[in-house]
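One structure is given here, and the rest of the page talks about it.
Residue numbers (the numbering used here), protein chains in the order written: chain A, 2 to 114; chain B, 3 to 119.
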């Protein structure tokens, strides 16, 4: 059974810091890994999707890397801003023949002004 | 539409009543999924549709839960005889599905917050 873990569970940083969120998964037979953010009381917003053949994806101040063989992904946020405060979730797409995301436990990020 | 739309955004119902939750996926998206997020819990997969068919219903928590999709578009999640433990945020997502060598990006709606009193 695929299990996805995110470390740390919560993170509080001052504005301007660069930070790294970690995601690990137990079964390396995945197709994709997707990072989402969730604001309180809201749905999920897709941030980045990395295909299993890729090693990283970048969007603005966000950079996500994937090491499929070791079962790890990191989300790097540069020059953090208070608006980045949210819960960040990683999810892996299982190699099961149909599309099903298995979500991590989430990292709650607070960026203070 | 521009994004995945869910209705209602909030629903309060009495224990034992039936509820229907609706999802309008992004136009052209063939794959549609339902997830549930209970308070303090992670996201739990419920069901996946490819077109109008659901190849895997194993995620549905009990036989009180059912879902259908018609015309390859709108989906309805029905919960019969609701219980307090059904209280959660129900999220719908859609994607273009399989593209030969990879699964495409999933886009989520804002969710329906269900409260059973």
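Idealized CB from N, CA, C, for every residue including glycine.
Beta carbon proximity, residue i to chain A, threshold 8 Å
i, result
"residue 45/B", "yes"
"residue 36/B", "no"
"residue 79/B", "no"
"residue 53/B", "no"
"residue 113/B", "yes"
"residue 116/B", "no"
"residue 93/B", "yes"
Any C-beta of chain E under 8 Å from that of residue i
i, result
"residue 50/B", "Among the protein chains in the structure shown, which are A and B, there is no chain E."
Residue i: contacting residues in chain A (beta-carbon distance under 8 Å)
i, result
"residue 41/B", "The contacting residues do not exist; residue 41/B stays about 12 Å from chain A at best."
"residue 110/B", "37, 44, 45, 46, 47"
Residue i at chain B interface by Cβ criterion, 8 Å
i, result
"residue 35/A", "yes"
"residue 106/A", "yes"
"residue 69/A", "no"
"residue 76/A", "no"
"residue 89/A", "no"
"residue 2/A", "no"
"residue 102/A", "yes"
Closer than 7 Å at the beta carbon, the chain A residues around residue i
i, result
"residue 4/B", "By Cβ distance, chain A contributes nothing, its closest Cβ being about 14 Å from residue 4/B, past 7 Å."
DSSP beta-bridge partners of residue i
i, result
"residue 78/B", "24/B, 70/B"
"residue 51/B", "34/B"
"residue 114/B", "92/B"
"residue 28/A", "In the DSSP output, where bridge partners are listed per residue, residue 28/A has none listed."
"residue 13/B", "116/B"
"residue 65/A", "58/A, 76/A"
"residue 15/A", "113/A"
"residue 39/A", "45/A, 88/A"
"residue 52/A", "33/A"
"residue 45/B", "39/B"
"residue 97/B", "33/B"
Cβ-Cβ distance between residue i and residue j below 8 Å
i, j, result
"residue 24/A", "residue 7/A", "yes"
"residue 34/B", "residue 96/B", "yes"
"residue 38/A", "residue 27/A", "no"
"residue 22/A", "residue 88/A", "no"
"residue 113/B", "residue 91/B", "yes"
"residue 1/B", "residue 93/B", "Summary: the structure shown does not reach residue 1/B, with chain B confined to residues 3 through 119, and so no result is reported for it."
"residue 50/A", "residue 63/A", "no"
"residue 102/A", "residue 47/B", "yes"
"residue 18/B", "residue 84/B", "yes"
"residue 116/B", "residue 89/B", "yes"
"residue 16/A", "residue 113/A", "yes"
"residue 107/A", "residue 92/A", "no"
Residue i, DSSP secondary structure in three states
i, result
"residue 58/B", "strand"
"residue 82/A", "coil"
"residue 3/A", "coil"
"residue 85/B", "coil"
"residue 101/A", "coil"
"residue 8/B", "strand"
"residue 64/B", "coil"
"residue 94/A", "strand"
"residue 109/B", "strand"
"residue 103/B", "coil"
"residue 39/B", "strand"
"residue 71/A", "coil"
"residue 108/A", "strand"
Per-residue contacts from residue i into chain B (C-beta, under 7 Å)
i, result
"residue 52/A", "104"
"residue 192/A", "The question about residue 192/A has no answer, for chain A in this structure spans 2 to 114."
Amino acids of chain B, ordered along the chain, whose beta-carbon sits closer than 8 Å to that of residue i
i, result
"residue 94/A", "105"
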